[in-house]
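A.B. asks: Dropping a structure here in structure tokens format, bear with me for questions.
Chains as they are written, first to last, in this note's numbering: chain A, 7 to 118; chain B, 8 to 118.
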């Protein structure tokens with residue numbers, strides 16, 4: 007394992023389309039987090055999983071957003087009916103408990 | 008409330024100057040961790056340091072040093088003899104159960 011992997015790196019989509027991002031964490035890490043970062047801001051917490059259980063969701067995560075981690079390994083983040091305000095960098099991180107917090111390179115979403 | 012404040016939005020220095028990035032945090036937890044991350048133009052968040060709330064010893068790593076003061080809820084970061092490669096956005100973060108980031112300080116080091 008060389009780190010947290012996110013795909014795709016970039017995604018351009020038309021408003022109203024659905025998009026899905028994937029995150030592969032470090033294999034021995036039990037926690038997986040999703041963050042969103044807009045220009046000039048720090049990353050904002052969206053949700054996190056411990057193994058396959060989604061333990062917390064931010065109020066930033068509207069009904070159009072859904073995240074899964076079906077087998078406690080990789081995770082997907084889906085945005086339905088995208089809006090221009092969804093344009094941002096989506097960051098994934100993983101950790102073993104509160105240790106070894108490691109971020110991926112992110113997926114940059116542009117909604118046109 | 009859990010919060011991290013980085014009051015300096017942008018700092019510009021000339022190479023070889025020392026620079027300090029400020030970080031003030033708020034938490035009611037007695038056990039927590041504090042982090043600094045570097046985000047270069049490529050966008051990836053690069054881990055710099057992690058400190059737990061029970062360890063107030065200052066730390067030095069090469070040109071980097073960190074000053075943790077619980078009495079003022081601050082965790083400041085100093086770069087000595089700055090270099091152009093230090094140009095990036097730096098984030099301070101608080102970990103009660105998940106990382107909470109400040110808004111970042113953009114550091115520009117000019118040759």
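Glycine included, every Cβ here is placed at the ideal spot set by N, Cα and C.
Taking C-beta to C-beta, are residue 16/B and residue 31/B nearer than 8 Å?
C.D. replies: For the purposes of this step, residue 16/B is identified with residue 9 of the second chain, where counting begins at 1. For the purposes of this step, residue 31/B is identified with residue 24 of the second chain, where counting begins at 1. Result no, Cβ atoms of residue 16/B and residue 31/B do not sit closer than 8 Å.
A.B. asks: Relative to the C-alpha of residue 80/B, which candidate in 26/B, 57/B, 21/B, 41/B has its C-alpha closest?
C.D. replies: Taking the first residue of the second chain as 1, we reach residue 80/B at position 73. Closest option to residue 80/B, Cα to Cα, is 41/B.
A.B. asks: Starting from residue 33/B and walking both ways along the beta strand (DSSP E), at which residues does that stretch end?
C.D. replies: Here residue 33/B refers to the residue found at position 26 of the second chain. Per DSSP, residue 33/B belongs to the beta strand (DSSP E) from 31-33.
A.B. asks: Using a Cβ-Cβ distance under 8 Å, would residue 12/A count as near chain B?
C.D. replies: Within the first chain, residue 12/A is the residue found at index 6, counting from 1. Not an interface residue.
A.B. asks: Between residue 101/B and chain A, is any beta-carbon pair separated by less than 8 Å?
C.D. replies: Residue mapping note: residue 101/B aligns to position 94 of the second chain, counting from 1. No, no contact with chain A.
A.B. asks: Could you name the residues of chain B that residue 39/A contacts, counting a contact when the two beta carbons are closer than 8 Å?
C.D. replies: Here residue 39/A corresponds to residue number 33 of the first chain, with the count starting at 1. Near residue 39/A (Cβ distances below 8 Å), the residues of chain B are 105, 106.
A.B. asks: Kindly list the residues whose CB is nearer than 6 Å to the CB of residue 56/B, restricted to its own chain and excluding five residues on each side of it in sequence; keep chain order.
C.D. replies: Position 49 of the second chain, counted from the start, is the residue given in the question as residue 56/B. Excluding residues within five positions, the ones whose Cβ falls inside 6 Å are 43, 73.
A.B. asks: Just the chain A side, please: which residues come within less than 7 Å of residue 111/B by C-beta, in chain order?
C.D. replies: As a working note, residue 111/B is residue 104 in the second chain. By Cβ distance, chain A contributes 48.
A.B. asks: Can you find a C-beta in chain A that's less than 8 Å from the C-beta of residue 50/B?
C.D. replies: Position 43 of the second chain, counted from the start, is the residue given in the question as residue 50/B. Judged by the 8 Å Cβ criterion, residue 50/B is in contact with chain A.
A.B. asks: Using a Cβ-Cβ cut-off of 6 Å (strictly less than) and excluding sequence neighbours within five positions of residue 65/B, which residues of its own chain qualify?
C.D. replies: Start at 1 with the first residue of the second chain, and residue 65/B comes out as number 58. Correct list, in chain order: 74.
A.B. asks: Check the Cβ-Cβ distances between residue 67/A and every residue of chain B, and say whether any is below 8 Å.
C.D. replies: Numbered from 1 along the first chain, position 61 holds the residue referred to as residue 67/A. Closer than 8 Å: no.
A.B. asks: Quick one: Cα of residue 47/A to Cα of residue 84/A, how far?
C.D. replies: What you label residue 47/A is simply residue 41 of the first chain in a count that begins at 1. What you label residue 84/A is simply residue 78 of the first chain in a count that begins at 1. Residue 47/A and residue 84/A: Cα-Cα distance of roughly 22 Å.
A.B. asks: Around the Cβ of residue 8/B, are there at least 16 other Cβ atoms within 10 angstroms (buried) or fewer (exposed)?
C.D. replies: What you label residue 8/B is simply residue 1 of the second chain in a count that begins at 1. Exposed, since its Cβ has fewer than 16 Cβ neighbours within 10 Å.
A.B. asks: Determine whether the Cβ of residue 45/A lies closer than 8 Å to any Cβ atom of chain B.
C.D. replies: Here residue 45/A refers to the residue found at position 39 when the first chain is read from its first residue. False, the Cβ-Cβ gap to chain B never drops below 8 Å.
A.B. asks: Which term fits residue 91/A, buried or exposed, when burial requires 16 or more other beta carbons within 10 angstroms of its beta carbon?
C.D. replies: In the first chain, counting from the first residue as 1, residue 91/A sits at position 85. So residue 91/A ends up on the exposed side.
A.B. asks: With DSSP run on the structure shown, which of helix, strand or coil describes residue 12/A?
C.D. replies: Within the first chain, numbered from 1, the residue matching residue 12/A stands at position 6. It is a strand residue.
A.B. asks: Got a sec? Which residues, its chain only, sit under 6 Å from residue 95/A by beta carbon, not counting five neighbours each side?
C.D. replies: Counting from one through the first chain, the residue named residue 95/A turns up at place 89. So the qualifying residues of the chain are 43, 112, 114.
A.B. asks: Spell out whether any CB of chain A is found under 8 Å from the CB atom of residue 117/B.
C.D. replies: Here residue 117/B refers to the residue found at position 110 when the second chain is read from its first residue. No, no contact with chain A.
A.B. asks: Taking 8 Å as the CB-CB cut-off, is residue 72/A touching chain B?
C.D. replies: The count along the first chain starts at 1 and reaches residue 72/A at position 66. No, its Cβ sits nowhere closer than 8 Å to a Cβ of chain B.
A.B. asks: Assuming residue 46/B contacts residue 117/B under a Cβ cut-off of 8 Å, what Cβ separation, rounded to an integer in Å, is found between them?
C.D. replies: For the purposes of this step, residue 46/B is taken as the residue at position 39 of the second chain. For the purposes of this step, residue 117/B is taken as the residue at position 110 of the second chain. Actually they do not touch by this definition, with Cβ atoms about 19 Å apart.
A.B. asks: Report the option in 33/B, 35/B, 52/B, 36/B whose CA atom is closest to the CA atom of residue 111/B.
C.D. replies: Counted from its first residue, the second chain places residue 111/B at position 104. The residue with the shortest Cα to Cα distance from residue 111/B is 52/B.
A.B. asks: Shortest alpha-carbon distance to residue 31/A belongs to which of 97/A, 19/A, 118/A?
C.D. replies: As a working mapping, residue 31/A is identified with position 25 in the first chain. Of the listed residues, the one whose Cα sits closest to residue 31/A is 97/A.
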